[in-house]
Amino acid sequence: MGWFNYYGLAIMAVIMIPNIIYAVKHKNDSAPAYNNKAVIIAEQIGRYACFALMIFNIPYTYFNFWFDYAFIVYLSVNGVLCLAYLLFWIICWNKNGKLKALSLSIIPSCIFLFSGIVLASIPLIVFAILFGASHILINYKSVLLNIIN
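Counting in the working numbering, the sequence shown runs from 951 upward without gaps.
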């Protein structure tokens, strides 16, 4: 794989399509109830870095697939995770709660982290951990705060 990852672009498209559709249909939804600026900034940095690093391989920061059949494993596991992500979007479309918050934050975090590990991409691993920790925290805390209020 060269500097451009077409498969990563396809994975990002699968992840983003339901998010874009949801955002268009639910324009008036409020921001997350959990409002810690440092965590929100960390999430945004991790999010956009993961988006970019899933599509663009920066030379000398990734080492490509590091074991036999890694490409097949990469496509298979990411395919299953993307399918699970889409299924949870369908199941939880008009619902709110822990299931929606956790499934729709854990699955993309796993996609980014798994991709970074299989591609041996150091920056993607680092930003996936940053994104995952902050994204899951924000979504979980927001659900808890909405239950309390």
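Using N, Cα and C, we set each Cβ at its ideal position, and we do this for glycine too.
Within the same chain, 1059 come within 6 angstroms of residue 1082 by CB-CB distance, once the 5 residues on both sides are set aside. According to the DSSP secondary-structure assignment, residue 1012 is paired through a beta bridge with 1071.
Fewer than three pairs of CB atoms, one per stretch, sit closer than 8 angstroms, so the stretch 1000–1017 makes no contact with the stretch 1032–1043. The bridge partners DSSP lists for residue 954 are 1006. In the three-state DSSP reduction, residue 1047 falls in the coil class, being neither helix nor strand. One alpha carbon belongs to residue 1065, the other to residue 1023, and they sit about 10 angstroms apart.
Listed in chain order, the non-local C-beta contacts of residue 1067 below 8 angstroms within the same chain comprise 1075, local neighbours out to five positions each way being set aside. Of all alpha-carbon atoms in 1010, 978, 1054, the one lying nearest the alpha-carbon of residue 1071 is that of 1010. Scanning its chain for C-beta atoms nearer than 6 angstroms, with the 5 sequence neighbours on each side dropped, one finds around residue 968 the residues 1039, in chain order. Rounded to whole angstroms, the gap between the alpha carbons of residue 1035 and residue 1053 is 7 angstroms.
The Cβ-Cβ distance between residue 1056 and residue 1086 falls below 8 angstroms. Pairing residue 1077 with residue 1061, the inter-Cα distance amounts to about 12 angstroms.
Only exposed fits residue 966, as fewer than 16 other CB atoms lie within 10 angstroms of its CB. The residues 984, in chain order, have a CB closer than 6 angstroms to that of residue 1091 in the same chain once the five nearest residues on each side in sequence are set aside. Taking the Cα positions, residue 1013 is about 19 angstroms away from residue 1028.
Taking the CA atoms as reference points, residue 986 sits about 43 angstroms from residue 1018.
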